[in-house]
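The sequence shown begins at 1037 in our numbering and counts up by one. No residue lacks a Cβ here, since even glycine has one placed at the ideal position from N, Cα and C. What follows is one structure encoded as structure tokens, with my remarks underneath.
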Amino acid sequence: MHFEARSHYSGHLGREMYFNRYGHGGTPVIVFPSSGGSKDEYADFKMVETLSGFIESGQIHLYTVSSIDSESWNDTGKSAHDKAKAHNQYDKYLVHEFIPLVRHESQWGGKMIATGCSMGGFHSMLFALRHPDIIGLTISQSGVYDARYFTGEFGSDIATYENSPIDFLWNMSDPWFLDQYRQNQFIVSVGQGDWEGPHVTATRKLDEVFNAKGIPGWFDYWGHDVAHDLHDWRQQIYYFFSTLEDLAIV
């Protein structure tokens, strides 16, 4: 498998940002790490190995990005507003610096795939909903979709609201966004076993608003023996990509 460990300088974040690339062709997949994770986490979790058949065949290739969660959602010393403000800088980095790099070197002009587990599930869904012209397929595993999970009640703070999918989706009326959502594909999975309690709640809330807004999504609730755990995430991601292959989507 082709592998590159890379970095580039981000003007929006004022630092070098590190990422890995796995594979040589096909649809680019942007992979967000879980809380505290790094660009190496997806390989460490053996998720890359799990998807190796799809990567080596040239159906997909992965870009595993770094996060700045320790300075945004996980920074306990910051207010909700400041956490969201820091995340917005990260979002600008992705849109204006990272995605153009991926497009250029992949020679890919179409929509991409976003995925991640746990905190990475939150990031992949949030990025896909904020930028439905960039991400056409989202696979979010065991995510949370309510910014209150990181901030507590945030009152009327607009910056936090705009980063809380179960809040801003209820009020979404812009036809451009809604049309894009309805054209795109969303796979949202969660187990119902150990440590999945808040993630089940968040997934059901997202499921409810998707239904209310007429946004198609595959909400997949796995069994009570499926935990918030990498072993189960590996099983899920292989199942989803196998299904997408059968449907000729990847």
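- The beta carbons of Leu1173 and Gln1221 sit closer together than 7 Å.
- Where His1123 is concerned, the enclosing alpha helix (DSSP H) starts and stops at 1116-1129.
- The residue from Leu1165, Asn1199, Phe1134 with its alpha-carbon nearest to that of Arg1218 is Leu1165.
- The beta carbon of Gly1062 sits closer than 6 Å to those of Gly1094, Gln1095, Ile1096, His1097, all from its chain and outside the five residues before and after it, given in chain order.
- Put simply, the region 1195-1205 touches the region 1112-1124. At least three CB pairs are less than 8 Å apart.
- Looking at the DSSP output, Asn1247 sits in no beta bridge, so it has no partner there.
- Between Val1224 and Thr1239, the gap from beta carbon to beta carbon is short of 7 Å.
- Annotation for Ile1091: no beta strand (DSSP E) segment contains it, though the alpha helix (DSSP H) segment containing it runs 1088-1092.
- Collapsing the DSSP output to three states places Pro1252 in coil.
- When only Cα atoms are considered, Tyr1054 and Asp1111 end up about 20 Å apart.
- Here Leu1098 carries a strand assignment [DSSP, helix/strand/coil].
- Three or more pairs of CB atoms, one per stretch, sit closer than 8 Å, so the region 1075-1091 contacts the region 1271-1283.
- Pairing Leu1049 with Tyr1129 gives a Cβ-Cβ distance under 7 Å.
- Scanning Ser1074, Tyr1078, Lys1082 for the CA closest to the CA of Ser1106 turns up Ser1074.
- DSSP, reduced to helix, strand and coil, places Ser1278 within a helical segment of the structure shown.
- The beta carbons of Asp1215 and Ala1263 sit no closer together than 7 Å.
- In this structure Pro1234 is not in contact with Gly1152, their Cβ atoms being roughly 16 Å apart against a cut-off of 8 Å.
- Annotation for Ala1079: the continuous alpha helix (DSSP H) segment containing it runs 1077-1080.
- The beta carbon of Gly1259 is closer than 8 Å to those of Gly1227, Gln1228, Gly1229 in its chain, skipping five residues each way along the sequence.
- In this structure, Tyr1181 lies away from Pro1168, with their beta-carbon atoms at least 7 Å apart.
- About 17 Å separates the beta carbon of Tyr1078 from that of Ile1104, a gap too long to meet the 8 Å contact definition.
- Each residue's CA atom was taken as its position, placing Gln1271 and Glu1281 some 15 Å apart.
- Rounded to whole angstroms, the Cβ separation of Val1286 and Phe1090 is 7 Å, and the two are in contact under 8 Å.
- No Cβ-Cβ contact shorter than 7 Å links Pro1064 with Met1155.
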